[in-house]
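Taken in order, these protein sequences are the chains called H and Y. Sequential numbering from 370 applies to the first sequence in this note's numbering. Sequential numbering from 370 applies to the second sequence in this note's numbering.
2 protein chains.
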Amino acid sequence: MNYADRLEAAVRAKGNPCAVGLDPHTDLVPEEFAVARDPAAPRAERARAVGDFLVRVIELVAERVPAVKPQSAFFEALGADGALAWERVVRAARDAGLLVIGDVKRGDIGSTAAAYARAFLESDEAPCDAITVNPLLGRDSIEPFLEAAARTGGGIYVLVRTSNPGSADFQAAGARGEPSLSTRIADAVAEWGAGLVGECGFSALGAVVGATHPRELARLRERMPRAPLLLPGYGAQGAGPADVVPGFVEGRGALVSSSRAVLFAHRSRPQLAWPDATRAALDEMVGAIKGALGNPR
Amino acid sequence: MNYADRLEAAVRAKGNPCAVGLDPHTDLVPEEFAVARDPAAPRAERARAVGDFLVRVIELVAERVPAVKPQSAFFEALGADGALAWERVVRAARDAGLLVIGDVKRGDIGSTAAAYARAFLESDEAPCDAITVNPLLGRDSIEPFLEAAARTGGGIYVLVRTSNPGSADFQAAGARGEPSLSTRIADAVAEWGAGLVGECGFSALGAVVGATHPRELARLRERMPRAPLLLPGYGAQGAGPADVVPGFVEGRGALVSSSRAVLFAHRSRPQLAWPDATRAALDEMVGAIKGALGNPR
């Protein structure tokens, strides 16, 4: 089944378009999992603690949101033990009925991109439902992912405009009167994704656009009317509920992702036990997004 | 010690600037390691066979070249078992006195990039000497790698112009009279790397420029006079010995990388045992590059 249709169904079932980013900064985990940040502890134990924490987070959020977005960097920082934790977390999320968007931002020449597609979309052990990819290497670096998506019902989010300040350096740059790189990538996404449109009207080829750039978001959404958007930057990175609205088409077609504000909610709510802090932060986010979309579903 | 100085010393010691890419396409491994391509075999066994093969390749090439360049995608395609194989291969290469350039092409927002730097440059278990990074996310996505390089004596190769045909889609594009994206990235590399220049006159911040674009290579080299260049695309991707020459400055400052033509030399030399084919292909490459540089050292 087409990824866009699966995503649409999941958003409808949960009644909101929010995704929880699983970015396990080991320094920030709740006290219960403190071994994760102990440099003297064996790496396997640290990685196990990271996995334990995220599996608990998945249990807390599974009934509330349609998707989670694990960030591979924090797993890779724990080496092969982190890779085991990644597979455990991806499986736990899928078993809990969540869509898993692997935030891996891979991009390489064709034969290598095909290996990345096998790693993340076609894994026997722990396949993601979708992944983020970096388009710098051009069309032939994206095609293997498109082919894998067609085979597996997977989804792809191409980086079009990232949420960080440095995104202005190259992505936003365009000569006078010429389109910016983001604009050119957006046009490519619209073209490349045309063959992967599902029954819901959206494609399995989507785009990442930071919610931290709401004006750009509106402009880029117009150029990619059928791309499901992944909107990072909500919460800790500074975007608010109103900022994400331009990413939606009649309330559909986008996912808002928050990582630190939910995952490490205990740090700003020290009076609560960490699971209560996480639930409270997530409920607050879901309420705010639904409110901004004017759709109390 | 600064990466550029370590690299310079290694090139001088081996008498050539060649790197062997370790891209273990499981379909192409010699018959002796055929379990790597058996989809029915347990993944751990497949990954072990990949590691066995590459450890043997490392033994074959260690006396001949200064560096190897493992490509992470092919390890990641084997999941957590592949991650173990990666660590084994990186350690084996370092133990054999080779510089290890992790071809990982990572790039992400600052806090995430810092986790990738920990994963690859600051790993306790299997640190790379240098890695490739993707600059699409801008300066704040590169800074954590620069900081890690300063701490560890590591190196960074920023993608400036990749070797694949699709590199023309976004990297080569510039409006009339305006610089291409590759040019803008090259200028940034020259600027960002100024603080990491070693005694040899080159910086620890280098650039990837495909040898498949020799004219671009000459132009980009001029804009990045102090950047060590990594030149992929030699051999199977079509670049020849003369094509790499513009990447060098008086015979110094670049590494030429070949993957498939060396690693899978047995496929084009079926009359030879695979180790003999690998040695022959590598000796041929080394001879051709030294000949083109007019420097029989």
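Ideal Cβ placement from N, Cα and C applies to all residues, glycine included.
DSSP three-state assignment for residue i, whether helix, strand or coil
i             : result
residue 388/H : strand
residue 410/H : coil
residue 472/Y : strand
residue 478/Y : coil
residue 551/Y : helix
residue 430/H : helix
residue 680/Y : No information on residue 680/Y is available, as it lies outside the stretch 370 to 666 that chain Y covers here.
residue 397/Y : helix
residue 620/H : coil
residue 542/Y : coil
residue 608/Y : strand
residue 505/Y : helix
Beta-carbon gap between residue i and residue j smaller than 7 Å
i             : j             : result
residue 434/Y : residue 383/Y : yes
residue 424/H : residue 461/H : yes
residue 484/H : residue 418/Y : no
residue 558/Y : residue 527/Y : yes
residue 397/H : residue 617/H : no
residue 524/Y : residue 372/Y : yes
residue 535/H : residue 510/Y : yes
residue 563/H : residue 592/H : no
residue 661/Y : residue 605/Y : no
residue 404/H : residue 410/H : yes
residue 549/H : residue 541/H : yes
residue 432/Y : residue 494/Y : no
residue 503/H : residue 503/Y : yes
residue 650/Y : residue 630/Y : yes
residue 573/H : residue 565/H : yes
residue 517/Y : residue 491/Y : yes
Spatial neighbours of residue i in its chain, beta-carbon cut-off 6 Å, leaving aside the 5 residues before and after
i             : result
residue 585/Y : 530
residue 454/H : 416, 419, 420 and 444
residue 450/H : 412, 413 and 416
residue 655/Y : 385 and 387
residue 547/H : none
residue 663/H : none
residue 644/Y : 429
residue 667/H : There is simply no residue 667/H to check, as chain H begins at 370 and stops at 666 in what is shown.
residue 666/H : With a pLDDT of only 40 at residue 666/H, under 50, the local geometry of the prediction cannot be trusted, and no value is derived from it.
residue 422/H : 398 and 402
residue 482/Y : 510 and 513
Residues near residue i in its chain [Cβ-Cβ closer than 8 Å; skip 5 each side]
i             : result
residue 489/Y : 471, 473, 475, 496, 497 and 500
Same chain, Cβ closer than 7 Å to residue i, five either side skipped, listed in chain order
i             : result
residue 626/Y : 388, 390, 438, 599, 600, 601 and 603
residue 615/Y : 583, 586, 587 and 590
residue 374/H : 567, 568 and 569
residue 380/H : 386 and 435
residue 648/H : 429
residue 506/H : 476, 477 and 478
residue 652/H : none
Boundaries (first-last residue) of the beta strand (DSSP E) holding residue i
i             : result
residue 526/H : 524-530
residue 459/Y : That residue, residue 459/Y, is in no beta strand (DSSP E); its alpha helix (DSSP H) goes 448-464.
residue 439/H : 436-439
residue 490/H : Taken as a continuous stretch (DSSP letters only), residue 490/H belongs to no beta strand (DSSP E), as it is neither H nor E.
residue 562/H : Note, residue 562/H: premise wrong, no beta strand (DSSP E); not H, not E.
residue 467/Y : Segment: none, residue 467/Y is in no beta strand (DSSP E) and carries neither H nor E.
residue 578/H : 574-578
residue 662/H : Element bounds for residue 662/H: n/a, residue is neither H nor E.
Boundaries (first-last residue) of the alpha helix (DSSP H) holding residue i
i             : result
residue 536/Y : 536-539
residue 625/Y : No alpha helix (DSSP H) holds residue 625/Y; the beta strand (DSSP E) holding it covers 623-627.
residue 521/Y : 508-521
residue 380/H : 372-383
residue 641/Y : Unbroken run through residue 641/Y: none, as it is neither H nor E.
residue 583/H : 583-592
Inset, instruction - Could you name the residues of the segment 441-453 of chain Y whose beta carbon sits closer than 7 Å to any beta carbon of chain C, in the order they occur along the chain? - result: Structure shown: chain C not included; protein chains present are H and Y.
Inset, instruction - Below 9 Å between beta carbons is the criterion; list the residues of the segment 477-507 of chain H that meet it against any residue of chain Y, in chain order. - result: Within the segment 477-507 of chain H, the residues whose Cβ lies closer than 9 Å to some Cβ of chain Y are 477, 478, 479, 480, 481, 482, 483, 484, 485, 486, 487, 488, 489, 491, 492, 493, 494, 495, 503, 504, 505, 506 and 507, listed in chain order.
Inset, instruction - Determine which residues of the segment 548-560 of chain H have a Cβ less than 9 Å from any Cβ of chain Y, and write them out in chain order. - result: Going along the segment 548-560 of chain H in chain order, one finds 548, 550, 553, 554 and 557 with a Cβ nearer than 9 Å to chain Y.
Inset, instruction - For the segment 389-409 of chain H, enumerate the residues whose C-beta is nearer than 8 Å to any C-beta of chain Y, in chain order. - result: Taken in chain order, the members of the segment 389-409 of chain H whose beta-carbon sits within less than 8 Å of a beta-carbon on chain Y are 392 and 394.
Legend entry - Residues of the segment 507-529 of chain H with Cβ closer than 9 Å to any Cβ of chain Y, in chain order: From the segment 507-529 of chain H, only 507, 508, 509, 510, 511, 512 and 528 have a Cβ closer than 9 Å to chain Y.
Inset, instruction - Could you list the residues in the segment 628-649 of chain Y with a C-beta less than 9 Å from some C-beta on chain H, going in chain order? - result: Those would be 629, in chain order.
Legend entry - the segment 607-628 of chain Y: positions lying closer than 8 Å to chain H by Cβ: Residues of the segment 607-628 of chain Y that bring their beta carbon within less than 8 Å of a beta carbon in chain H are absent altogether.
Inset, instruction - Can you give me, in chain order, the residues of the segment 533-544 of chain H that have a beta carbon less than 8 Å from any beta carbon in chain Y? - result: Considering only beta carbons, the part of the segment 533-544 of chain H lying closer than 8 Å to chain Y consists of 533, 534, 535, 536, 537, 538, 539, 540, 542, 543 and 544, in chain order.
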